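Numbering (our numbering), first residue to last: 23 to 653.
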């Protein structure tokens with residue numbers, strides 16, 4: 023095999039600066055998962071991990087080839103297995119056992135996700151199952167393993183490509199050029215599959231669309247091999263390295279602070295751009311004379327960085343399991359603090375008693391302990407959890423514990439796919455009292471008695487009107503998963519209502535179906551209710567386009583309550599439209615639901631029976647009020 027690299031061979035050294043960068047990345051990810059509003063771009067920490075992996079693995083392969091003249095693929099893969107797989111298996115085992123004991127209703131989801139995780143194909147599993155990374159749905163404690171799946175796929179495929187390029191490449195430039203081409207192919211696929219103003223989970227999860235991030239790290243390894251950097255460097259050169267590296271790191275952190283996960287530019291090449299800006303920070307952190315690398319190597323960052331893999335593994339299931347008992351976006355601070363503490367404890371235990379021993383001892387870890395009873399207890403516990411989790415996952419012995427629930431992804435009264443998933447608690451429309459509220463209870467009661475006859479007559483008149491209108495009216499309802507959520511209740515109470523709800527729907531899709539399917543609703547006698555914004559922001563121009571589609575009808579815009587950073591933007595545009603257009607009425611669900619934790623499912627978005635009843639009441643109240651005013 024001809025020599026492809028002309029660097030002088032130097033001993034490997036531990037790159038502590040990379041641990042500091044790993045610490046920043048995992049902290050950003052954990053904050054993002056604790057509450058996306060605190061660090062909207064914290065998910066970019068995953069891309070930092072990707073580029074570090076590409077850089078470090080390629081650097082190790084280059085060093086091995088320089089030192090030995092060949093690459094031992096089997097030995098490489100065994101090292102990766104000992105480093106990564108035991109911790110994941112242990113995590114899956116613990117999650118399965120916890121679920122069986124405390125959350126048996128989740129067992130089917132856990133089984134499927136566990137199987138995908140065991141074979142490191144979680145990302146493709148979620149793509150084929152059409153799972154959204156951005157829209158909260160059913161809790162998935164193992165969903166974060168999608169990124170590890172991409173990395174493991176890289177660890178399997180890239181060394182083979184590396185060896186083939188070494189063998190058949192004609193010059194030293196062959197490999198970097200090939201990697202550069204693969205990078206641009208991946209970038210092209212990302213821009214090809216990306217759809218503006220849509221849920222781009224396919225782009226986010228795909229190995230093909232995310233590979234460019236890892237490959238940029240690979241390219242950096244050819245340009246800046248860490249084990250061949252000189253320790254004797256002119257001071258001026260050191261200052262340049264640190265200045266560029268620190269600037270790069272600051273820019274990365276700013277992106278984490280201000281970037282939104284639904285931003286179109288991210289999936290139109292933005293992730294590539296952000297990763298490209300990260301490369302100087304990596305280059306500076308690994309240089310032996312870099313002050314940035316020294317600063318990133320402080321004890322706190324080293325502790326977090328060396329355990330970043332464990333922290334990443336454990337933080338998400340802990341957050342998911344605990345948040346199931348609270349409404350998303352309204353988690354008490356002491357619970358969040360407890361989640362952080364439990365994450366650190368679990369990560370330390372995994373790092374100390376699973377990852378490190380197995381990495382050092384390999385399969386000898388599972389042999390009987392000869393020295394201490396404590397070692398025997400630890401090894402026995404780890405072994406039992408690993409075996410139990412693996413068997414339960416592969417054999418599927420717990421299928422009987424879970425009954426299939428048919429998830430409704432759409433609600434359309436015109437295509438015969440209606441499903442009454444819940445029965446309203448009350449059919450009658452509760453007329454809200456419009457009389458003055460008295461602060462003095464006795465005075466209020468006295469006034470009620472005096473007005474009793476008048477109120478009874480007014481009440482009967484309203485009830486008669488409501489009953490007559492609701493039995494004959496056919497308003498149009500257009501929305502997303504919330505409309506699917508409340509659709510059966512609306513249909514029960516307004517039998518002739520036309521309802522079109524679909525999970526993941528965006529504003530531009532609502533405009534399209536309005537123009538193609540419902541132009542006949544553009545009449546002054548028609549009522550149109552629009553509920554959108556759960557899945558992402560939209561422009562004021564798009565909202566105005568929708569309103570212009572029904573410029574003669576009565577339009578009702580429902581504000582949203584979602585624990586996402588676009589919530590305020592969406593509601594502001596809805597209120598703006600309500601002020602600008604005479605035919606628009608705002609139904610302020612955000613205000614009406616404030617403080618009502620009991621309305622929501624754990625995701626803080628979708629509604630339980632109480633919430634469905636409350637929202638439908640609110641919508642019908644507004645429609646009836648407007649209709650009665652026409653009399």
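A virtual CB, placed ideally from N, CA and C, is assigned to each residue, including glycine. Owing to the predicted nature of the structure, the values given are computational and were not obtained by experimental measurement.
Would residue i and residue j qualify as a contact pair, given that the criterion is a beta-carbon distance under 8 angstroms?
i, j, result
"residue 207", "residue 69", "no"
"residue 304", "residue 73", "yes"
"residue 502", "residue 553", "yes"
"residue 372", "residue 325", "no"
"residue 209", "residue 234", "yes"
"residue 739", "residue 495", "The shown model of the chain, from 23 to 653, leaves out residue 739, and the question about it has no answer."
"residue 308", "residue 39", "yes"
"residue 177", "residue 232", "no"
"residue 64", "residue 278", "yes"
"residue 84", "residue 302", "no"
"residue 219", "residue 560", "yes"
"residue 339", "residue 164", "yes"
"residue 314", "residue 267", "yes"
"residue 58", "residue 586", "yes"
"residue 562", "residue 595", "yes"
So the alpha helix (DSSP H) residue i belongs to, where does it begin and stop?
i, result
"residue 113", "95-124"
"residue 267", "257-280"
"residue 565", "562-571"
"residue 501", "First-last for residue 501: 498-501, but that is the beta strand (DSSP E), not the alpha helix (DSSP H)."
"residue 59", "No alpha helix (DSSP H) contains residue 59, which DSSP labels as neither H nor E."
"residue 9", "Here the chain comprises residues numbered 23 to 653, so residue 9 is not present and cannot be evaluated."
"residue 355", "355-372"
"residue 602", "589-602"
"residue 578", "Not the alpha helix (DSSP H): residue 578 falls in the beta strand (DSSP E), residues 576-580."
"residue 550", "Segment 549-553 is the beta strand (DSSP E) holding residue 550; no alpha helix (DSSP H) there."
"residue 381", "378-383"
"residue 131", "129-140"
"residue 340", "330-345"
"residue 556", "Where residue 556 is concerned, there is no enclosing alpha helix (DSSP H), given that its DSSP letter is neither H nor E."
"residue 536", "529-539"
"residue 643", "631-651"
"residue 545", "No alpha helix (DSSP H) contains residue 545, which DSSP labels as neither H nor E."
"residue 37", "Element bounds for residue 37: n/a, residue is neither H nor E."
Give the straight-line distance between the Cα atoms of residue i and residue j, rounded to the nearest whole angstrom.
i, j, result
"residue 152", "residue 557", "14 angstroms"
"residue 535", "residue 602", "24 angstroms"
"residue 331", "residue 118", "20 angstroms"
"residue 564", "residue 541", "17 angstroms"
"residue 225", "residue 254", "44 angstroms"
"residue 236", "residue 181", "13 angstroms"
"residue 120", "residue 190", "50 angstroms"
"residue 126", "residue 357", "23 angstroms"
"residue 631", "residue 319", "52 angstroms"
"residue 88", "residue 250", "11 angstroms"
"residue 597", "residue 608", "7 angstroms"
"residue 263", "residue 306", "6 angstroms"
"residue 230", "residue 108", "26 angstroms"
"residue 346", "residue 627", "13 angstroms"
"residue 52", "residue 323", "15 angstroms"
"residue 374", "residue 104", "14 angstroms"
"residue 185", "residue 99", "14 angstroms"
"residue 12", "residue 619", "Residue numbering for the chain in the displayed model covers 23 to 653; residue 12 lies beyond these limits and cannot be assessed."
"residue 75", "residue 173", "8 angstroms"
"residue 96", "residue 195", "26 angstroms"
"residue 652", "residue 489", "17 angstroms"
"residue 644", "residue 364", "47 angstroms"
"residue 639", "residue 578", "14 angstroms"
"residue 422", "residue 134", "Bear in mind that the predicted position of residue 422 carries a pLDDT of just 39, short of 50, making it unreliable; the figure below should be weighed with that in mind. Spanning the two alpha carbons is a distance of roughly 14 angstroms."
"residue 573", "residue 515", "27 angstroms"
Report back the beta-carbon spacing between residue i and residue j to the nearest angstrom; my notes put them in contact at under 8 angstroms.
i, j, result
"residue 310", "residue 244", "With a Cβ gap of about 19 angstroms, residue 310 and residue 244 do not count as contacting."
"residue 341", "residue 61", "Between residue 61 and residue 341 the Cβ distance is about 14 angstroms, and since that is not below 8 angstroms, they are no contact."
"residue 629", "residue 507", "5 angstroms"
"residue 499", "residue 520", "7 angstroms"
"residue 140", "residue 123", "At roughly 21 angstroms, the Cβ-Cβ gap does not stay under 8 angstroms, so residue 140 and residue 123 are not in contact."
"residue 659", "residue 142", "For the chain, the structure presents residues 23 to 653; residue 659 sits outside this window and is missing."
"residue 599", "residue 623", "Not confirmed; about 28 angstroms, so no contact."
"residue 611", "residue 581", "5 angstroms"
Determine the extent of the beta strand (DSSP E) in which residue i is found, giving its start and end residues.
i, result
"residue 523", "520-524"
"residue 151", "Counting along the chain, residue 151 falls outside any beta strand (DSSP E), and DSSP gives it neither H nor E."
"residue 609", "606-609"
Say yes only if the C-beta of residue i is nearer than 7 angstroms to one or more non-hydrogen atoms of the ligand SAM, and no if none qualify.
i, result
"residue 492", "For the ligand SAM, the structure offers nothing, since it holds no ligand at all."
Item to check | Complete alpha helix (DSSP H) runs within the stretch 285-321 (minimum length 4 residues, chain order) | outcome: Restricting attention to alpha helix (DSSP H) runs no shorter than 4 residues, the stretch 285-321 encloses them at 292-308 and 313-318, ordered along the chain.
Checklist entry - Which runs of the alpha helix (DSSP H) fall wholly inside the stretch 164-196 and span at least 4 residues, in chain order? => result Within the stretch 164-196, the complete alpha helix (DSSP H) segments at least 4 residues long are 168-190, listed from N- to C-terminus.
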